[in-house]
Structure formats: structure tokens, C-alpha cells
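Structure record follows, encoded as C-alpha cells.
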Amino acid sequence: MKKDDVPQDLGALGKITKEVCYVVDDSGNYGTDLSNGWEVKTKALDAAWEDIAERVKSAREKVKKQEASPLLLFMEIKLMDVPIVAAYTGFWKWQVKRHLKPAVFNKLSDRKLQKYADIFEVSVADLKTMKLHEA
Amino acid sequence: MKLNFEHLQAAHCENGVTTSLLRHNGVSKITEPLAFGIGSGLFFVYIPFWKINNGPAIAFRTRPGLIFKRTCKSLGIPVTRKKFSSKEEAAKILDECLQAGIPVGCQVGVYYLTYFPKEYRFHFNAHNIIVFGKEDEQYLISDPVMEEATSLSSYELERVRFAKGPLAPRGQLYYPKDKKDVTDDQIRAAIITGIKRNVRDMIRIPGNIAGVKGIHFMGNRIRKWKDKMGLHQAGLYLAQLVRMQEEIGTGGGGFRFIYGAFLQQAHTYHPIDELMDVSKKFTQSGDLWRAAAVQAAGIYKGRLTSQQDFNIIGDYLAEISELERDAFESLSKIKWG
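First to last, the protein sequences are chains A and B.
Numbering-wise, my numbering puts 990 at position 10 of the first sequence, and it's gapless, one number per residue.
Numbering-wise, my numbering puts 1212 at position 291 of the second sequence, and it's gapless, one number per residue.
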């Protein structure tokens, strides 16, 4: 990449910090320059977040239709899959999978629900009712 | 207490931590490209049956932790590295290091990293930062991808040090054990080791998913993505490829530009013309990677939709694969004298 070609398309990161790029000058010597962002990768990140929004939406519908417990919704919101949830809560993976069933979830003790509430950063009541206080 | 430590911004976190810690320990001539090249950081692998964040598993660099380990080893600097099962113990040892005047590298997860923009906070656990002091319960942090030094509370730091999931850091901390400078001869030898190891990783690994063969292989897979998973999903896969390639830490073009810079710096230690020629090939390769990213962006933005548009990316990757094979073949033939 030539020094003059360093993109300066302000992105989410650019608002907080510029990032270092390695570039060549006119005589072909390498040096560094700072970039504010690049539209190509901003759009890539946007695509990832749009996909997450879709997954959250479909999770919310599944929970409403009683096809999954509220756990699924919070997992999608927090970008967590079963292994990550298991690692944070200390449950086994098969337990988390079971807890994704509404019938099982509804019978969970408050102590177990609290573990989920902690990692999703919500109260137990909100966990049950899927109420969100988006920061 | 604040240690006498200079924050240094780098393209990539592990290069940056390695460079900063080594400089602090007296290795005055180390730079980010040298650390990356000596640590044989350049790599490519595409694991077709794995998924990360619901997308393809692709890496443009070597496994986390190796750059620091290899670079220190090649320069003859012993390293201390500790993992913890107890959070209290992890905090205690960190505080003891700071008391003893040692800035410490820490592996952390970015999901709960408060100073990062929300858009960048995925469950990625192989980020590296340096802790260089503590003032009223706030730890002073040098994060190599940030322009300025920053800080985290004890709780925030504990949380990122004990992030869970793949590559969980388990409180891991590391630092060079001794304070000493290295000679030019040591750097010269380390450069040779680094290049030879990178030649091995890029053109000698058997199988077709790693090194230059992996680039070609992924190109062929991409040609089939549209039929296999539909335009929308294929677009998301390409977006993930571009993020792995260009996002913070790569210096652009999937680390190829940093490697080009490394070869130029290597030339000042080994005045061999091939190094400058091969450096140009990596610049060319990085530019091709970026051209492929622009093409991919056309697809995930919905502007390009045809099979031919996917084929173009496949063609770029085939060209890159050949170019990098050629570059590493040239490197493997160098007579170091």
C-alpha cells in the first residue's frame, strides 16, 4: 500500500483511536502511517452486526412461541454460544442445552438463574421476562 | 505507582507488547516488524469444517503467544510466563511484579474490555496488553493498538484476564526475565531463524489448508460459496474474511505489509539484494489481498451478485498464492553466508 492510498473513512474505531498501517513511500521504503478506518471493513463489521440483530430477532420470536427459553435470546444478545455460556457459568454444556428448553428453564432454582443473570448482566426477574435495559 | 515505561503504538497487539517489553528491557534496536519477522508471524490457514462466530475459521498469523516466545528465545532472552487458577493469586502476582518495577504483558479477552468500541467487542480472548502501574485501584494499561495509554479498574482487569471460552487467558501474564541488550550478531542470527521458520510454515507444511496452498484452497472454496450457502450467507462469510484480514492488528493486507517492512529492515542487517526484491513481492501481495477485499465488499454490500463476482475473488487468491510461493521460494534459496 502506498502512503497516499491510506484510507481515512472514519469508522467505529477511528472515533476512539487511529490505527497503524504499514505503507511504502515514493521511493519504496516502508514506514508507518495512521488510518481513521476503511469503508470496506466498516461495511464488513456492519454486516456482522446486522446478522447478529437478525439472530436476536429470530431468538425473541422463538422464545415467544415457547420453542426456546429466554436463555437463547440473551445468548444471542451477548454473542455467546453454549461452550462460552458453560465456561462462564460453570454448568456443563449438556445442562445449558437442557436449560434452553422452556419447560426445564421454568423449573430452575433462583440460585441457578442468578448465575445466568450475572453473566448476562440482568436481574433474575428480567431474565425470566426478557426485559432488556439496553445500555 | 507508575513505572518508568513508554507507551508505544503498534499495528498488532502481540508485536507491540513484545517490542515494548523488549525495549524496556534494554533491547534498544527491536522494532515491530523485526519482532514479527523474527517470531515468524506470517501465516495462513483456513479450516473448512470449523466455525468462529458463525463464520469461517481463517487466520493470517501464527498462533497467539508464539511471536513473543520465539522472538525472545531467538534473541537469547529468558521469559517468565504464568497462568493461574485463582483470581486472587493472579492479582497478587501482578501487584508484586509492579512493586518490583516490572511492566507485565497480559493476555486478555476483548468482550469486556471497557475502553474498546462496542462494535469491536466479540468473544476474542487472545488480545495482549501491558500493565505498567497502579494508581488508586486503577491499573495503568498500555494497549498497543491504542494511540494513548489508558487504564482499567481492578475489577475490569480481573474480568478480562479471566475471560472464558476459546483461548481463555486464565490470568496469563508474561515478561522477559533479564534486562540486557542484544548484539547485532544476535539479531542477524535471529532474522535467519525467523525467515527459515516462516518458509517452513508457508510452503513446507503438508496438506492443503495451511500456508500458500491454503490460500489457493480457500479461493476454490469461495467460488462455491454462492451455490452452497446462498448469496446472503456467502456475503457474511466474505465479511468475516475481510475482518480477519484487515481489522485492527494486521497493519493492512493480512500482515503482508508488516512482513514487507520486516524484510527491508532485515536488509540493513544482511545486505542481500533478494531481501529487497522479496519485500516488493509482499507489498504486491498485500495490495492484491486488499483488491480482493474491495471485490468482496461489493458482494456483502449487495452491489455484486453474480457467480462471476465470486470467481474474481478466487482468481485473486490463486494469484496471491503463486506470488507468495514464489516469494518464499526466493527466501529459501538465500545464501546467508
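Quick reminder that beta carbons are idealized off the backbone N, C-alpha and C, glycines included.
Handout entry: Residue of B/1116, B/1159, B/1151 and B/1171 minimising C-alpha distance to residue 1256 of chain B
Key = What you label residue 1256 of chain B is simply residue 335 of the second sequence in a count that begins at 1. Sorting B/1116, B/1159, B/1151 and B/1171 by C-alpha distance to the C-alpha of residue 1256 of chain B places B/1116 at the top.
query = Of the residues that make up the segment 1026 to 1042 of chain B, which ones have a beta carbon closer than 7 Å to any beta carbon in chain A?
reply = Under the 7 Å Cβ criterion, the segment 1026 to 1042 of chain B contributes 1038, 1040 and 1041.
Mind listing which residues of the segment 1022 to 1055 of chain A have their C-beta closer than 7 Å to chain B's C-betas, in chain order?
For the segment 1022 to 1055 of chain A, which is checked against every Cβ of chain B, the residues closer than 7 Å are 1023, 1024, 1025, 1027, 1028, 1029 and 1031.
Q: Go through the segment 986 to 1056 of chain A residue by residue and report every complete run of the beta strand (DSSP E) that reaches 3 residues or more, in order.
A: You should have 999 to 1004 and 1010 to 1015.
When Cβ atoms are compared, which residues of the segment 1061 to 1094 of chain B fall closer than 8 Å to chain A? Hits within the stretch, in order: 1066, 1067, 1068, 1069, 1085, 1086, 1087 and 1089.
| task | Can you check DSSP and say which residues form a bridge with residue 1027 of chain B? | result | Walking along the second sequence from the start, residue 1027 of chain B turns up at place 106. B/1050 and B/1094.
Quick check on the DSSP output: the alpha helix (DSSP H) that includes residue 1113 of chain B runs from which residue to which?
Taking the second sequence and counting its residues from 1, the one referred to as residue 1113 of chain B is at position 192. According to the DSSP assignment, residue 1113 of chain B belongs to the alpha helix (DSSP H) that extends over 1105 to 1120.
Open item on the list: Which residue marks the beginning of the beta strand (DSSP E) containing residue 966 of chain B, and which one marks its end?
Closed with: Locating residue 966 of chain B in the second sequence gives position 45, counting from the first residue. That run of the beta strand (DSSP E) goes 963 to 973.
Exercise for review: Within the same chain, show all residues whose beta-carbon is closer than 8 Å to that of residue 1016 of chain A, passing over the 5 residues directly before and after it, in chain order.
Suggested key: As a position in the first sequence, residue 1016 of chain A is number 36, starting the count at 1. So the qualifying residues of the chain are 987, 988, 989, 990, 991, 994 and 998.
Could you tell me which chain A residues have their CB closer than 8 Å to the CB of residue 1157 of chain B, listed as they occur along the chain?
Mapped onto the second sequence, residue 1157 of chain B falls at position 236. Neighbours of residue 1157 of chain B across chain A, judged by C-beta separation under 8 Å: 1027, 1028 and 1031.
query: Between which two residues does the beta strand (DSSP E) carrying residue 992 of chain B extend?
result: For the purposes of this step, residue 992 of chain B is taken as residue 71 along the second sequence, with counting starting at 1. Per DSSP, residue 992 of chain B lies in no beta strand (DSSP E); the unbroken alpha helix (DSSP H) holding it starts and ends at 987 to 995.
**Prompt:** Skipping 5 residues on each side, what residues in its chain have a beta carbon closer than 7 Å to that of residue 1087 of chain B?
**Reply:** Counted from its first residue, the second sequence places residue 1087 of chain B at position 166. Answer for residue 1087 of chain B: 1046, listed in chain order.
Compute the Euclidean distance between the alpha carbons of residue 938 of chain B and residue 1098 of chain B, then round it to the nearest angstrom.
Residue mapping note: residue 938 of chain B aligns to position 17 of the second sequence, counting from 1. Residue mapping note: residue 1098 of chain B aligns to position 177 of the second sequence, counting from 1. Between residue 938 of chain B and residue 1098 of chain B, the C-alpha separation is close to 15 Å.
Just checking: is the beta-carbon of residue 990 of chain A within a distance shorter than 8 Å of some beta-carbon in chain B?
For the purposes of this step, residue 990 of chain A is identified with residue 10 of the first sequence, where counting begins at 1. No, no contact with chain B.
### Query
Taking all protein chains shown into account, do 16 or more other C-beta atoms lie within 10 angstroms of the C-beta of residue 1050 of chain A, making it buried, or fewer, making it exposed?
Here residue 1050 of chain A is taken as the residue at index 70 of the first sequence, counted from 1. Around the CB of residue 1050 of chain A, 16 or more other CB atoms lie within 10 Å, so the residue is classed as buried.
Closer than 8 Å is the cut-off here; do at least three beta carbon pairs connect the segment 1066 to 1077 of chain B with the segment 951 to 962 of chain B?
Short answer: they don't touch.
In its own chain, which residues sit with a C-beta less than 7 Å from the C-beta of residue 1001 of chain B, not counting the 5 before and 5 after it?
Within the second sequence, numbered from 1, the residue matching residue 1001 of chain B stands at position 80. Excluding residues within five positions, the ones whose Cβ falls inside 7 Å are 1095, 1096 and 1098.
Checklist entry - For residue 1203 of chain B versus residue 1248 of chain B, is the C-beta spacing smaller than 8 Å? => result In the second sequence, the residue the question calls residue 1203 of chain B occupies position 282. In the second sequence, the residue the question calls residue 1248 of chain B occupies position 327. Remark: C-beta atoms of residue 1203 of chain B and residue 1248 of chain B approach each other more closely than 8 Å.
With 16 other Cβ atoms within 10 Å as the buried cut-off, status of residue 1033 of chain A
Indexing the first sequence from 1 puts residue 1033 of chain A at position 53. Residue environment: residue 1033 of chain A is assigned as exposed (fewer than 16 neighbouring CB atoms within 10 Å of its CB, all protein chains considered).
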